[in-house]
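Asks: In my numbering, the protein residues as written are 451 to 634. Even for Gly, the Cβ is constructed at its ideal location relative to N, Cα and C. This is the structure I have questions about; it appears just below.
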């Protein structure tokens, strides 16, 4: 299955595919096979500080990161076959990736990652708020696995995600929409 193969249901897209933010025009486009190199580069950028700590040659680091990306990609495709896998573009320039799995009772945020030059500009928060708005409209929870040391943990907590389970180095976090109260 190619990285861009989407769910058969056209309603599976959780958030709109383009909107404006302070950084410019944000566009989500389905990832396709030609994007695998880009997706691997985005993945590798999330591991830069970790790789700086290991005494390997650049060649060894690149081989390790490629192996890890390939394993992650296969896992996502196998375990989330109906997920949308999008490249995030800002003003037409590739900026990151966003993988979402729309389920009947929840929206699973499989992966959100931005290249370093696009971090800290509010883009990730904007994408998260769009996802939470979709959850609110459809009365579905939003969940994500977050590494304990992920700097974005503070953002998730600020947006109302709560850790519900520890799984090794990851926290399963969930955001619940407010339920509307029926008058009695």
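1) Once the 5 residues before and after residue 591 are set aside, which same chain residues still bring their CB inside 6 Å of it?
2) Measuring CB to CB, does residue 492 end up less than 7 Å from residue 563?
3) I need the boundaries of the alpha helix (DSSP H) containing residue 589, first residue and last residue.
4) Note down, in chain order, each residue of its chain lying with its Cβ closer than 8 Å to the Cβ of residue 575, except the 5 sequence neighbours on either side.
5) Compute the distance between the beta-carbons of residue 581 and residue 465, then report whether it is under 7 Å.
6) Would you grab the beta carbon distance between residue 488 and residue 537 for me? Rounded to a whole angstrom, and I think it's under 8 Å.
7) By alpha-carbon positions, which one of 588, 534, 618 and 568 ends up nearest to residue 543?
8) What are the start and end residues of the beta strand (DSSP E) that includes residue 537?
9) On the DSSP letters alone, give me the boundaries of the alpha helix (DSSP H) that residue 519 sits inside.
10) Based on the DSSP output, what are the partners of residue 597 in its beta bridges?
11) In terms of alpha-carbon separation, which member of 471, 595 and 497 lies closest to residue 566?
12) Can you tell me where the alpha helix (DSSP H) with residue 492 in it begins and where it stops?
13) Considering only C-alpha positions, which residue in the set 517, 558 and 501 is nearest to residue 596?
14) Quick check: the Cα distance between residue 571 and residue 476, rounded to an integer number of angstroms?
15) From residue 526 to residue 481, what does the alpha carbon distance come to, in whole angstroms?
16) Hey, residue 533 and residue 560: beta-carbon distance below 7 Å or not?
17) Going by other Cβ atoms of all chains shown within 10 Å of its Cβ, with 16 needed for buried, is residue 611 buried or exposed?
18) Under three-state DSSP, which class holds residue 568?
Replies: Let me lay it out:
1) Here the set comprises 556, 624 and 626.
2) Yes, these two residues count as a Cβ contact at 7 Å.
3) According to the DSSP assignment, residue 589 belongs to no alpha helix (DSSP H), since it is labelled neither H nor E.
4) Same-chain partners within the cutoff: 605 and 609.
5) Closer than 7 Å, so yes.
6) Between residue 488 and residue 537 the beta-carbon gap is near 7 Å, inside 8 Å, which marks them as a contact.
7) The residue with the shortest Cα to Cα distance from residue 543 is 568.
8) Start and end: 534-540.
9) Residue 519 -> alpha helix (DSSP H) spans 508-529.
10) Secondary-structure assignment with DSSP links residue 597 through a beta bridge to 620.
11) The shortest Cα separation from residue 566 among 471, 595 and 497 belongs to 497.
12) Residues 486-495.
13) Comparing Cα positions, the closest option is 558.
14) For residue 571 and residue 476, the distance between alpha carbons rounds to 12 Å.
15) So the alpha carbons of these two residues sit roughly 13 Å apart.
16) The Cβ-Cβ distance between residue 533 and residue 560 falls below 7 Å.
17) Buried.
18) Taken through DSSP and simplified to helix, strand or coil, residue 568 comes out as helix.
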